[in-house]
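In what follows, a structure is listed as structure tokens, so that the remarks can point back to it.
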Amino acid sequence: QGAYGVTNTAGGVAVTNDTIFEAASLTKPLFAYVVMQMVDKKLIDLDAPLLGKVPTERVEQLIGHSLDAEGFRLDWAKMITARHVLSHSAGMPHGDGGEIYPIFFEPGTDWKYSAQGYQFLQTVVESIEGKPLEEIVDAYVLEPLGMEHSSMVWREAYEKTMANGHWLYGRPVDFRKRNQATAAASLYTTAGDYARFVCAVLDGTGLKPGTHQEMLTSFVDMNDDGNLGWGLGFGTQIDGDRTAFWQWGDYGIFRNYVIADPERHSGVVYLTNSFNGLTVCSELITKSIGQDALGCLDLNYMQYDSPAMALLWDLKEKGPKGATSQLPALVKMHPDVFTDERVNGLAGIMENEEMYAEAAAIYRFIAEQHPRSGDALFDLARVSVLTGDLAN
3 QGAYGVTNTA GGVAVTNDTI FEAASLTKPL FAYVVMQMVD KKLIDLDAPL
53 LGKVPTERVE QLIGHSLDAE GFRLDWAKMI TARHVLSHSA GMPHGDGGEI
103 YPIFFEPGTD WKYSAQGYQF LQTVVESIEG KPLEEIVDAY VLEPLGMEHS
153 SMVWREAYEK TMANGHWLYG RPVDFRKRNQ ATAAASLYTT AGDYARFVCA
203 VLDGTGLKPG THQEMLTSFV DMNDDGNLGW GLGFGTQIDG DRTAFWQWGD
253 YGIFRNYVIA DPERHSGVVY LTNSFNGLTV CSELITKSIG QDALGCLDLN
303 YMQYDSPAMA LLWDLKEKGP KGATSQLPAL VKMHPDVFTD ERVNGLAGIM
353 ENEEMYAEAA AIYRFIAEQH PRSGDALFDL ARVSVLTGDL AN
């Protein structure tokens, strides 16, 4: 174990091995581990439809309308199983819904990451067990594995041991004290505690051999290259002659990664309290275990030495001129890096940092490149109002 940095840039203390971090989406595999144990106990059938396992009123509360609402794909909803949810192949949304709850494809035919799918399965698990998720996770995972620093909800003791999250340029944020557990992202933990869980998965602790193998076997392809897929809780990767399971965590100001090689029993768990936490992912993983973090690369996270990160630091130093003077040349030099999606994302980052003039400069560049884009013009107008610069 190693600990680096500080808990808070504004008068924090040094991070230690006992410092608590938000696990973010590293919570999902831990919840999947609970579900797989319930499968072994015959409490859950991986391939049985989930609809009908909880009261209709609860489902309608989750989706925001009645099951017979016009436009809702009830036929697809009736097909969704625990296997689909755990492998992100249910077609359920990830915060990208509308008036009618979308199911984007027939379950089992494609991959789409979905926190809302895990939240749906959580209601089924809680209904079966008859108690809240935090108590279920305590009983199935945290207590048996000795994860004494971890919890699915906030503990008062964390006031003294919790790290504050930080935005791009190091601005700290107050603790987010969650008093309701969510299967998608509410775990508080330490790197050492989470490593105990990863070791349990490597060893198949608490699972029958067949269930253990099923959990770590790819069920659906994540990309067209065939080197990334998703099992039942973890992502899977093939890197040359080596395989691994992995998951990333991103709750904005806490960004984390885990990867482990079942054959070599090696792996890495790292937790960060920074928006920049995944910028070191590829290099850290490669130097640690000799495998690349293919998932992080496929998700297109900026690495610390990328031209996009260099531009963000220039914006901090030079202001809006840093964008207007550099963006045209950077797009020509690095078209694979400065895609329309990436450039728009950089503007969004500036908005989040409340650097509205810098955001406006980037949106103006986008609008010049796409003069007939209503979205580009709207974004520029919206941020111009925030800056008070309505003349341009």
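Numbering (this note's numbering), first residue to last: 3 to 394. C-beta: ideal position from N, C-alpha, C; glycine also. Predicted model, so just to flag it, every value in this text is computed and none were measured.
- Within the DSSP secondary-structure output, THR11 pairs in no beta bridge.
- Between ASN258 and LEU28, the C-beta gap is smaller than 9 angstroms, which places the two residues in contact.
- Listed in chain order, the non-local C-beta contacts of THR21 below 7 angstroms within the same chain comprise ALA5, THR9, THR163, ALA165, THR192, local neighbours out to five positions each way being set aside.
- Rounded to whole angstroms, the separation of the alpha carbons of THR18 and GLY7 is 9 angstroms.
- For VAL387, the number of other beta carbons within 10 angstroms of its own is below 16, and it is reported as exposed.
- When the five nearest sequence neighbours on each side are left out, the beta carbons in the same chain lying within less than 8 angstroms of the beta carbon of ILE351 are those of LEU170, LEU314, in order along the chain.
- In the three-state DSSP reduction, ASP77 falls in the helix class (H, G or I).
- GLY297 places its beta carbon less than 9 angstroms from that of GLN249.
- The criterion of a C-beta distance shorter than 9 angstroms is not satisfied by TYR196 and VAL127.
- GLY269 sits in a strand when the DSSP states are folded into three classes.
- Assigned with DSSP and collapsed to three states, HIS151 falls in coil, not helix or strand.
- Here DSSP, grouped into helix, strand and coil, assigns GLN3 to coil.
- Excluding sequence positions up to five before and after ALA246, its CB lies within less than 7 angstroms of the CB of GLN239, ILE261, ALA262, ASP263, GLN293, all in the same chain and listed in chain order.
- In this structure, VAL143 sits away from LEU273, with a CB-CB distance that is not shorter than 9 angstroms.
- Shown here, PHE199 sits in a helix according to DSSP, grouped into three states.
- Residue burial is scored here from C-beta neighbours: ASN181 has fewer than 16 other C-beta atoms within 10 angstroms and is therefore classed as exposed.
- The beta carbon of ALA363 lies closer than 6 angstroms to those of PRO322, ALA325, THR326 in the same chain, with the five residues before and after it left out.
- For ALA34, there is no enclosing beta strand (DSSP E); the enclosing alpha helix (DSSP H) covers residues 29-42.
- MET81 and PRO134 have their C-alpha atoms roughly 26 angstroms apart.
- Counting along the chain, ILE291 sits inside the alpha helix (DSSP H) bounded by residues 283-291.
- If only uninterrupted beta strand (DSSP E) runs of at least 3 residues are considered, none is enclosed by the segment 50-137.
- About 11 angstroms separates the Cβ atoms of ILE105 and GLY73, ruling out a contact at the 8 angstroms cut-off.
- Under DSSP, ARG180 takes part in no beta bridge, so it has no partner.
- From the listed residues GLY347, PRO109, LEU64, the smallest Cα separation to GLY99 is found for LEU64.
- Taking C-beta atoms as the reference points, MET217 and TYR35 count as a pair closer than 9 angstroms.
- For GLN249, DSSP records a beta bridge to VAL260.
- Comparing alpha-carbon positions, the option among ASP226, ASP300, GLN305, ILE287 lying closest to PHE277 turns out to be GLN305.
- The residue from MET94, ASP112, ARG60, ARG384 with its alpha-carbon nearest to that of ASP226 is ASP112.
- Comparing alpha-carbon positions, the option among ALA378, VAL333, GLY390 lying closest to TYR358 turns out to be GLY390.
- The bridge partners DSSP lists for VAL339 come to none.
- With respect to the C-alpha of GLY167, the residue from ARG344, ASP307, HIS96, GLY254 having the closest C-alpha is GLY254.
- Just so you know, the alpha carbons of TRP232 and LEU88 end up roughly 8 angstroms apart.
- Per DSSP, the continuous alpha helix (DSSP H) segment holding ILE368 begins and ends at 358-371.
- Closest in alpha carbon position to MET154, among ALA141, GLU136, SER290, is GLU136.
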